[in-house]
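Residue numbers (our numbering): 48 to 208.
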């Protein structure tokens, strides 16, 4: 009787082990299945569309001397002298003559002209800037005047310094 009980017990134990293994496998497979849908993100790079109107054109419509001079100064610092000229020209035209902006605009206009080789046109503007700007600015202006003088001499070789 003991041997029969032993066989039945072992059979039940083996059956329970198989059932446990089956349940564990089913649970493991069930946990791997993600019920949330998978999302794929696609990133497309688009080219920036060309504006139908250039920013220069829009800013050049301004009659604010300070804005125009700031644009000219930015272009001069970027060594875009030819692009700076129309901004500086309009800044001189529209800046209040009693402000520092007018002095800066006059200098920037002369400097931009000098840098593109228009030395004779630059010289009167630079001289005027020296007169109207603060005395503390003279050490910046005088060397540029000297460059314009040298560049505008007859027989001077080359254009812009």
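Quick reminder that beta carbons are idealized off the backbone N, C-alpha and C, glycines included.
Reduced DSSP category for residue i - H, G, I as helix; E, B as strand; rest coil
i: residue 197; result: helix
i: residue 136; result: helix
Member of the options whose CA lies at the smallest distance from the CA of residue i
i: residue 153; options: 108, 119 and 69; result: 119
i: residue 140; options: 155, 126, 129 and 130; result: 155
i: residue 146; options: 179, 135, 131 and 163; result: 179
i: residue 170; options: 188, 125, 88 and 106; result: 188
Inter-residue Cα distance where the pair is residue i and residue j
i: residue 148; j: residue 102; result: 22 Å
i: residue 128; j: residue 172; result: 15 Å
i: residue 161; j: residue 195; result: 6 Å
i: residue 150; j: residue 201; result: 29 Å
i: residue 167; j: residue 176; result: 15 Å
i: residue 138; j: residue 123; result: 14 Å
i: residue 64; j: residue 86; result: 40 Å
i: residue 211; j: residue 165; result: What is shown of the chain runs 48 to 208, which leaves residue 211 out entirely.
i: residue 193; j: residue 131; result: 21 Å
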